[in-house]
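Engineer: Please find one structure pasted underneath; my questions will follow.
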Amino acid sequence: MDRQTRTPCIEVAIGRESRLYHAFVTTAPAKLDAPATLTLYEAPLSDVSGMAADPVALDTVRAREAARLVLVNSSELAWQRARYRQAKHLFTPADPVLVGLNTLQHWLWSRIGAPQLEPELAHA
Numbered sequence: 240m241d242r243q244t245r246t247p248c249i250e251v252a253i254g255r256e257s258r259l260y261h262a263f264v265t266t267a268p269a270k271l272d273a274p275a276t277l278t279l280y281e282a283p284l285s286d287v288s289g290m291a292a293d294p295v296a297l298d299t300v301r302a303r304e305a306a307r308l309v310l311v312n313s314s315e316l317a318w319q320r321a322r323y324r325q326a327k328h329l330f331t332p333a334d335p336v337l338v339g340l341n342t343l344q345h346w347l348w349s350r351i352g353a354p355q356l357e358p359e360l361a362h363a
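The number in our numbering is simply the position in the sequence shown, starting from 1, with 239 added.
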């Protein structure tokens with residue numbers, strides 16, 4: 240039985256197709272990503288771990304390890320989780336308060352190179 244995943248998420252619609260993406264913190268390299276997984280932010284684990292829903296144990300070596308905030312397509316989530324964990328990489332949900340819908344939307348727009356809306360027009 241697949242357990243319910245409580246992570247920040249964003250729905251992405253292109254034309255008539257839409258996908259639901261969930262936000263996670265990982266130390267896995269991009270070469271382990273599923274085809275639809277997107278990297279929103281990359282930095283040392285000491286920086287990215289602050290976006291995790293649960294505290295991440297850090298020592299001086301692990302703090303310098305490369306980490307990413309990623310969006311994982313819900314249809315590939317079980318596969319992506321298994322692949323990262325099989326390679327013994329951190330894969331933990333992002334904090335829904337720190338990485339909420341507005342943050343995900345901002346980073347996703349930045350990632351695909353679209354212009355940002357003026358804040359007062361965002362909810363027009």
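Backbone N, C-alpha and C define an ideal beta-carbon position, used for all residues, glycine too.
Remember, it's a predicted structure, so these values are computed and weren't measured experimentally.
Counting pairs of Cβ atoms below 8 Å between the stretch 296-303 and the stretch 332-344, do you hit three or more?
Structural biologist: No: the two stretches stay apart, fewer than three of their Cβ pairs being nearer than 8 Å.
Engineer: When the distance is taken between beta carbons, is Y323 closer than 9 Å to A252?
Structural biologist: No.
Engineer: What is the DSSP secondary structure of L343, reduced to helix, strand or coil?
Structural biologist: Helix.
Engineer: Please report how far the alpha carbon of A317 lies from the alpha carbon of S257, in whole angstroms.
Structural biologist: One C-alpha to the other measures close to 19 Å.
Engineer: How would you label I351, buried or exposed, when you count the other beta carbons within 10 angstroms and need 16 or more for buried?
Structural biologist: Flag for I351 reads exposed.
Engineer: How many Å lie between C248 and P283 at the Cα?
Structural biologist: Rounded to whole angstroms, C248 to P283 spans 23 Å at the Cα level.
Engineer: So if DSSP puts L291 in a beta bridge, which residue, or which two residues, is it bridged to?
Structural biologist: Strictly speaking, residue 291 in this sequence is Ala, with Leu absent from that position. BP columns for A291 point to A333.
Engineer: Just to check my reading of the structure: L310 and H261 have Cβ atoms closer than 8 Å, yes? What is that Cβ distance to the nearest angstrom?
Structural biologist: Indeed they touch by this definition, with Cβ atoms about 7 Å apart.
Engineer: Taking only the alpha-carbon atoms, compute the straight-line gap between H328 and L343 and give it to the nearest angstrom.
Structural biologist: Looking at the two C-alpha atoms, the distance is approximately 23 Å.
Engineer: Taking DSSP as the reference, what is the three-state secondary structure of L297?
Structural biologist: If DSSP states are grouped into helix, strand and coil, L297 belongs with coil.
Engineer: Kindly indicate which three-state DSSP category A275 falls into: helix, strand or coil?
Structural biologist: It is coil, neither helix nor strand.
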